[in-house]
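Visitor: First the structure, which I've put down as structure tokens, then a few questions once you've had a look.
Chains as they are written, first to last, in my numbering: chain E, 410 to 708; chain C, 1060 to 1321.
What follows is the structure in structure tokens.
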């Protein structure tokens, strides 16, 4: 056995190889920000099927894309959409209306209760809100029950156990000590509920830089780190770039065509052009173009 | 100046007038009316309000012109941040929500103040229209001390007799003491705020009652635009819109680009 501390830097294909058909995966970020898109595209290239996708508490079009590409058979998320770009994700709408996928209907508070139950290795976490609503009717996994302490009516939210969580963050050292910029959204809760966590980062930095501010370390020891500058494109990465509105609208037009006409030609063409076509992340970025990428300034 | 206010400016004023100094209020992205209402309350009479804007805690009374954000994740808001609201931690902490105020939308809202964000159609597995999902409306309407329903579409398809699915519970079907019996921490929605009028809820039946109509709107117009039977009192006052001072705040500092006037 080597006595040298191992680097946790991996290629994106090595990270997605941890996923087998039928598993539950989580995708970090929040609506139009912070999604590990280089990894999402690789999962589609790998041809994964029947995945349960735990989207962010507010998922964006990364989850919509996994539905459109036929990777997701079940989605656990309180919202799938893109705010001002599209109030509801078009593939999510299509799949919800045609019964193409199972939707685990829940509020964002239930979402974190389920992740917390997984992190605590208990079958469920209780929650108050939701009693008296139709959520337990449309989602029989949310169960109303009387608690044994005060006989109060509560909702039992089952543990959301994640096989592999995929996140995108600002920086990491080669040992998997990840530091986010910004508010971190729900990424840490996803990591805590997952058996394995792979994080794509804008930049791999020195261990000294991480140790200069250890309180900022958000994921202390990810399973693997993927080097992915512009790895959240077309969504934003805090401290680096804003959403690429033009590209997001390109996807939306393609997915909306499927929703409105039932014809998959445009969405399949999008997937061929930007996901299965490019040889790797660098090739994808070349297709987007250096000028487009360099125009995505925060300030 | 009141007569020149747009319907959305009137809605923002209704929201602001109900806010009290010291309350905690969330300003979502892409929700221009609740955003403007919350900021108007903060600038006008809320120096001790806790304003959450784009996932940060902010104090904005010294900010001459408050920029609008298209996305809740916009890092531009961080310039004002006294604290970040890490989303999972925000949801773990319900203890402090009793002092909070929330504004709930809906693809359908019914006469008893229930909201539906799930979808339209009797077959859940084959919906005619798939909605965005509950987001945080189930929880926020249970935990915040005060909440209102807000819609930009005063339309019989939105304001219905009975929602197809309840994702945020108002007063159910008007059962007596429903929320108390369920053990919910707040007493239910205060009002439905629309571009035409404000509804409150009858204390006995818990059904929506016309509280006021916006300037220039007739009671008949409200009745024909609403998909449920409204309780109409004998005298329906005109909604208190923005004062001259409030309209200046809205147009010069909160909504300089005119999202509420478009």
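Note that the Cβ used here is the ideal one computed from N, Cα and C, for glycine as well.
Any beta carbon of chain C sitting closer than 9 angstroms to that of residue 512 of chain E?
Guide: On the first chain, position 103 is the one that residue 512 of chain E refers to. Residue 512 of chain E counts as touching chain C.
Visitor: Would you say residue 1208 of chain C faces chain E, with C-beta separation under 9 angstroms as the test?
Guide: Walking along the second chain from the start, residue 1208 of chain C turns up at place 149. Cβ-Cβ to chain E under 9 angstroms: no for residue 1208 of chain C.
Visitor: Quick check on residue 1171 of chain C - is its C-beta less than 9 angstroms from some C-beta in chain E?
Guide: Along the second chain, one-based indexing puts residue 1171 of chain C at 112. Output row for residue 1171 of chain C: interface = no.
Visitor: Measuring straight from C-alpha to C-alpha, what distance separates residue 1061 of chain C and residue 642 of chain E?
Guide: Counting from 1 along the second chain, the entry for residue 1061 of chain C is found at position 2. Counting from 1 along the first chain, the entry for residue 642 of chain E is found at position 233. Low confidence applies here, because residue 1061 of chain C scores a pLDDT of 45, under 50, leaving its location unreliable and the question unanswered by this model.
Visitor: Taking DSSP as the reference, what is the three-state secondary structure of residue 577 of chain E?
Guide: Residue mapping note: residue 577 of chain E aligns to position 168 of the first chain, counting from 1. Strand, per DSSP.
Visitor: Out of C:1177, C:1285, C:1241, C:1248, point me to the one whose CA is closest to residue 487 of chain E's CA.
Guide: Residue 487 of chain E sits at position 78 when you count from the first residue of the first chain. With distances taken between Cα atoms, residue 487 of chain E lies closest to C:1177.
Visitor: With 16 other CB atoms within 10 Å as the buried threshold, where does residue 1073 of chain C fall?
Guide: Taking the first residue of the second chain as 1, we reach residue 1073 of chain C at position 14. Buried.
Visitor: With a cut-off of 9 angstroms, does the C-beta of residue 647 of chain E fall near any C-beta of chain C?
Guide: By one-based count along the first chain, residue 647 of chain E stands at place 238. Chain C, which has a Cβ nearer than 9 angstroms to the Cβ of residue 647 of chain E, makes this yes.
Visitor: Residues in the same chain with beta-carbon distance under 7 angstroms from residue 697 of chain E, minus the five sequence neighbours each way, listed in chain order, please.
Guide: Counting from one through the first chain, the residue named residue 697 of chain E turns up at place 288. Excluding residues within five positions, the ones whose Cβ falls inside 7 angstroms are 642, 656.
Visitor: Quick one: is residue 519 of chain E near chain C, going by C-beta distance under 9 angstroms?
Guide: By 1-based counting over the first chain, the position of residue 519 of chain E is 110. Closer than 9 angstroms to some Cβ of chain C, the Cβ of residue 519 of chain E qualifies, so yes.
Visitor: Output the distance between the C-alpha atoms of residue 695 of chain E and residue 1214 of chain C, rounded to the nearest integer angstrom.
Guide: On the first chain, position 286 is the one that residue 695 of chain E refers to. On the second chain, position 155 is the one that residue 1214 of chain C refers to. If I take the Cα positions, the gap works out to 47 angstroms.
Visitor: How big is the Cα-Cα spacing for residue 426 of chain E and residue 471 of chain E?
Guide: To locate residue 426 of chain E, count along the first chain from 1; it is residue 17. To locate residue 471 of chain E, count along the first chain from 1; it is residue 62. Roughly 19 angstroms separates the two Cα atoms.
Visitor: Could you tell me whether any Cβ in chain C is nearer than 9 angstroms to the Cβ of residue 488 of chain E?
Guide: Translated into the one-based positions of the first chain, residue 488 of chain E becomes position 79. Output row for residue 488 of chain E: interface = yes.
Visitor: List the whole-angstrom C-beta distance separating residue 1152 of chain C from residue 492 of chain E, where the pair is believed to meet the contact cut-off of C-beta under 8 angstroms.
Guide: Against the second chain, residue 1152 of chain C aligns to sequence position 93. Against the first chain, residue 492 of chain E aligns to sequence position 83. Not quite, the Cβ-Cβ distance comes to about 24 angstroms (not below 8 angstroms), so this is no contact.
Visitor: With three or more beta-carbon pairs closer than 8 angstroms as the criterion, would you say the region 574-590 of chain E touches the region 541-556 of chain E?
Guide: Result no; under three Cβ-Cβ pairs closer than 8 angstroms.
Visitor: Alpha carbon to alpha carbon, what distance is there between residue 1305 of chain C and residue 1320 of chain C?
Guide: To locate residue 1320 of chain C, count along the second chain from 1; it is residue 261. To locate residue 1305 of chain C, count along the second chain from 1; it is residue 246. In a straight line, the C-alpha of residue 1320 of chain C is about 15 angstroms away from that of residue 1305 of chain C.
Visitor: Would you mind sorting residue 1067 of chain C into buried or exposed? The rule is 16 or more other CB atoms within 10 Å of its CB.
Guide: Counted from its first residue, the second chain places residue 1067 of chain C at position 8. Its Cβ being crowded by 16 or more others within 10 Å, residue 1067 of chain C is buried.
Visitor: Please tell me whether residue 1117 of chain C and residue 1095 of chain C are closer than 9 angstroms, where the distance is taken between their beta carbons.
Guide: Position 58 of the second chain holds residue 1117 of chain C. Position 36 of the second chain holds residue 1095 of chain C. No.
Visitor: Hey, is residue 533 of chain E's beta-carbon within less than 9 angstroms of any beta-carbon in chain C?
Guide: Looking up residue 533 of chain E in the first chain gives position 124. With 9 angstroms as the cut-off, residue 533 of chain E does not count as an interface residue toward chain C.
Visitor: Can you pull out the residues from the region 626-644 of chain E whose beta carbon lies closer than 9 angstroms to at least one beta carbon of chain C?
Guide: Here the close residues are 644.
Visitor: So, for residue 449 of chain E: in the same chain, excluding its five sequence neighbours on each side, which residues have a beta-carbon less than 6 angstroms away from its beta-carbon?
Guide: If you number the first chain from 1, residue 449 of chain E lands on position 40. Closer than 6 angstroms at the Cβ level, and outside the excluded window around residue 449 of chain E, lie 471.
Visitor: Just to confirm my understanding: we take residue 597 of chain E, look at its own chain, exclude 5 residues before and 5 after, and list those with CB closer than 8 angstroms. What are they?
Guide: As a position in the first chain, residue 597 of chain E is number 188, starting the count at 1. Answer for residue 597 of chain E: 627, 628, listed in chain order.
Visitor: Got a sec: is the Cβ-Cβ distance from residue 1268 of chain C to anything in chain E below 9 angstroms?
Guide: The residue given as residue 1268 of chain C occupies position 209 in the second chain. So, not an interface residue.
Visitor: Who pairs with residue 529 of chain E in a beta bridge, going by DSSP?
Guide: What you label residue 529 of chain E is simply residue 120 of the first chain in a count that begins at 1. Paired residue(s): none; residue 529 of chain E is not in a bridge.
Visitor: Measure from the C-beta of residue 1141 of chain C to each C-beta in chain E and report whether the shortest distance is under 9 angstroms.
Guide: On the second chain, position 82 is the one that residue 1141 of chain C refers to. No, because no Cβ of chain E sits closer than 9 angstroms to the Cβ of residue 1141 of chain C.
Visitor: Of the residues that make up the region 1142-1172 of chain C, which ones have a beta carbon closer than 8 angstroms to any beta carbon in chain E?
Guide: Listed in sequence order: 1143, 1144, 1145, 1146, 1147, 1150, 1151, 1153.
Visitor: Go to residue 667 of chain E, then tell me how far its alpha helix (DSSP H) extends in each direction, as first and last residue.
Guide: In the first chain, counting from the first residue as 1, residue 667 of chain E sits at position 258. Start and end: 654-670.
Visitor: What residues in the region 1230-1252 of chain C have a beta carbon less than 8 angstroms from any beta carbon of chain E?
Guide: The residues in question are 1231, 1237, 1238, 1241, 1242, 1243, 1244.
Visitor: With a cut-off of 9 angstroms, does the C-beta of residue 1095 of chain C fall near any C-beta of chain E?
Guide: Sequence index remark: in the second chain, residue 1095 of chain C carries index 36 (1-based). No, because no Cβ of chain E sits closer than 9 angstroms to the Cβ of residue 1095 of chain C.
Visitor: Give every residue of the same chain whose Cβ lies closer than 6 angstroms to the Cβ of residue 630 of chain E, excluding the five residues on either side of it in the sequence, and list them in chain order.
Guide: If you number the first chain from 1, residue 630 of chain E lands on position 221. 585, listed in sequence order.
Visitor: With DSSP collapsed to three states, give me the class of residue 521 of chain E.
Guide: On the first chain, residue 521 of chain E is found 112 positions in, with the first residue counted as 1. Helix at residue 521 of chain E.
Visitor: At 4 residues or longer, and completely inside the region 1086-1138 of chain C: list those alpha helix (DSSP H) runs for me, N to C.
Guide: The qualifying runs are 1091-1104.
Visitor: Assess contact between the region 1272-1288 of chain C and the region 1239-1250 of chain C, defined as three or more Cβ pairs (one per stretch) separated by less than 8 angstroms. Is contact present?
Guide: No, because fewer than three Cβ pairs between the region 1272-1288 of chain C and the region 1239-1250 of chain C fall closer than 8 angstroms, the two stretches do not touch.
Visitor: Buried or exposed, going by whether 16 or more other CB atoms sit within 10 Å of the CB of residue 1207 of chain C?
Guide: Taking the second chain and counting its residues from 1, one reaches residue 1207 of chain C at position 148. Buried is the call here.
Visitor: Name the chain E residues whose beta carbon is nearer than 7 angstroms to that of residue 1216 of chain C?
Guide: The count along the second chain starts at 1 and reaches residue 1216 of chain C at position 157. Per Cβ cutoff of 7 angstroms: no residues; residue 1216 of chain C is ~16 angstroms from chain E at best.
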